[in-house]
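Q: Please see the structure below; I have some questions.
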Amino acid sequence: MTDRKIRVGVLFGGRSGEHEISLRSALTVMSAMDPARYEIVPIGIDHEGRWFLEKNALKVLAEAAPDLGALSAGDTPVTLLPHNNSRTLVPTPSKSGVVARAGQSLGGPLDVVFPVLHGTFGEDGTVQGLLELAGVPYVGAGVLGSAIGMDKDTQKRVLRDAGVPVVNYHSIIRTDYEEHPALAKKFARALGYPVFVKPNALGSSIGISKVKRPGDLDAALRDAFQYDRKALIEQSCEGRELECAVLGNDHPEASTVGEILVTHGHEFYNYESKYIDEKGSEIRIPAKLPKAALNKIRKMAVEAFKVLSLRGMARVDFLARRDLKKIFVNEVNTIPGFTSISMYPKLWEASGIALPKLIDRLIELAIEDHRERAGLKFTFHPKRNPQA
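Just so we're aligned: 343 in this note's numbering is position 339 of the sequence shown, and the numbers increase by one with no gaps anywhere.
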């Protein structure tokens, strides 16, 4: 890199139930980026998936906080073209069909993209695929790691096959549930009540229900099926909720471990206790754990990161029995939250890496990973036998 500023495209918003959480995370990330080092290119994605160059994003998001609503259309509709080294944003037609400066790029090429997107169409490998096609470095896991990280069923299968403990569960698709209504009840009965029902591919505890008796199972599944065609029915693990942050590429490192303490009448760490009720949860960093348990969780976090082929960053969530004799990986988040209350930046801050330095490191890891993969061959030309 030269002495010029690094142009960082920050993607936020998106077609997801976690749209508003993404806006909060983006505000935190962009506010922490060193203006002397980075040229921020804010790119907002609305609920319909349209990209907008949000020139005044920091001001708009800051003024809207803390009650951030859905992203509104920005100044210029833009996109990235899906061919190699297409790193510059280009204008696209607006709703009126008008294309501003048609055929021209908007600014210089992007050096790296920071997807601050949560949930579907952002954290699941779809945006990562576009960035791969465009040949632009990006923060976080690649297509495969993102897709596995988002799909709870697949993620748990991969972890379990690698010997990483996960809670017992069953997955069920909506058509099977509708055609065989007794199947879900059979699964839940085998696991033992209470069970947790959740959409297969969504975060921020959206669509999750704790089901204590058979009569409430159908309502919980119908709620989950609003967000995904597949749902999970999981065995409950009463005890402690612990989290560990991971940072790195080939040699990932784990942070200290934090604990979520649910308070104020909430039964589990749901959307309300996370984002709405200020007294709904308490974060304890570091968690009060014996040294052996702390080391075990940090080791499991790195192992899960490697097993799932992740890059850059991840937050690994754990469930543990109260006596810590059994510790399970609950799920891995490939684009963890960066809001003011989010565990990922807080865990690294407690481990000695402040948010601005953390962002620096994530961008460095993205560029390093892209540089390494750029040296690989993607074409093959077999030698022809001249005598054939």
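Each residue gets a CB set at the ideal place from its N, CA and C atoms; glycine is no exception.
Everything numeric in this text was worked out from a predicted model, so none of it was measured.
(1) Bridge partners for ASP321 per DSSP, in chain order?
(2) Relative to the alpha-carbon of ALA145, which residue among ASP128, THR158 and VAL333 has its alpha-carbon at the smallest distance?
(3) Among SER26, LEU206 and VAL199, which has the Cα closest to the Cα of ASP220?
(4) Grab the span of the beta strand (DSSP E) containing ILE264 for me, first residue to last.
(5) Helix or strand or just coil, what does DSSP make of ASN274?
(6) In terms of residue numbering, what span does the alpha helix (DSSP H) encompassing LYS189 cover?
(7) Excluding the 5 residues flanking GLN108 on each side, which residues of the same chain have their C-beta closer than 6 Å to its C-beta?
(8) Any idea which residues DSSP pairs HIS122 with across the strands?
(9) Report the CB separation of GLU247 from LEU351 in whole angstroms; it is logged as a contact under 8 Å.
(10) Would you mind listing the alpha helix (DSSP H) stretches within the stretch 127-164 that are 4+ residues and don't spill past its ends, in chain order?
(11) Rounded to whole angstroms, what is the Cα-Cα separation between ASP38 and PRO360?
(12) Should HIS427 go down as buried or exposed, given a rule of 16 or more other Cβ atoms within 10 Å for buried?
(13) Roughly how many angstroms lie between the CA atoms of GLU245 and ILE301, to the nearest whole one?
(14) When you compare only the Cα positions, how much space is there between LYS189 and ASN337?
(15) Span of the beta strand (DSSP E) holding GLU43?
(16) Where does SER277 land, buried or exposed, given buried means 16+ other C-beta within 10 angstroms?
(17) Run through the DSSP bridge pairs and tell me what THR80 is partnered with.
(18) I'd like the list of long-range same chain contacts for ASN172, defined as Cβ closer than 7 Å, with 5 residues on each side in sequence excluded.
(19) Cutting at 6 Å between CB atoms, please list the residues of its own chain near ALA297, excluding the five before and the five after it.
(20) How should GLN159 be labelled, buried or exposed, when 16 other C-beta atoms within 10 angstroms of its C-beta is the threshold for buried?
(21) Would you call the stretch 284-295 and the stretch 372-383 in contact, with 3 or more CB pairs under 8 Å?
(22) Do VAL266 and VAL116 count as a contact pair if the criterion is CB distance below 7 Å?
(23) Am I right that ASN89 and ASP157 are in contact with their C-beta atoms under 8 Å? What's the rounded C-beta distance?
(24) Please state whether the Cβ-Cβ distance between ALA228 and GLY243 is less than 7 Å.
(25) Which residue's Cα is closest to the Cα of ARG217: PHE191, ALA258, ARG233 and GLY262?
A: Put simply:
(1) GLU247 and GLU335
(2) ASP128
(3) ASP220 has its Cα closest to that of VAL199, out of SER26, LEU206 and VAL199.
(4) 257-266
(5) Note that ASN274 scores 49 on pLDDT, short of 50, meaning its location in the model is unreliable; the coordinates nonetheless yield the value given after this. Looking at ASN274 - three-state DSSP - the assignment turns out to be coil, as it is neither helix nor strand.
(6) 185-195
(7) At GLN108 the pLDDT is 48, less than 50, meaning the model places this residue with poor confidence; the figure from the coordinates comes in the next sentence. Cβ neighbours of GLN108 beyond the five flanking positions: none.
(8) Checking the DSSP bridge columns, you'll see HIS122 has no partner listed.
(9) 7 Å
(10) 130-138 and 147-154
(11) Looking at the backbone, the Cα of ASP38 and that of PRO360 are separated by about 7 Å.
(12) There is simply no residue 427 to check, as the chain begins at 5 and stops at 392 in what is shown.
(13) 12 Å
(14) 29 Å
(15) That run of the beta strand (DSSP E) goes 42-49.
(16) Confidence is the limiting factor: at SER277 the pLDDT is only 47, short of 50, which leaves the residue's position unreliable and the question unanswerable from this model.
(17) Its beta-bridge partners are LEU57.
(18) Beyond the five residues adjoining it in sequence on each side, ASN172 comes within less than 7 Å, by CB distance, of LEU195 and GLN239 in the same chain, given in chain order.
(19) LEU328
(20) buried
(21) no
(22) Going by C-beta atoms, VAL116 is not nearer than 7 Å to VAL266.
(23) That pair is no contact at about 36 Å.
(24) no
(25) Comparing Cα positions, the closest option is PHE191.
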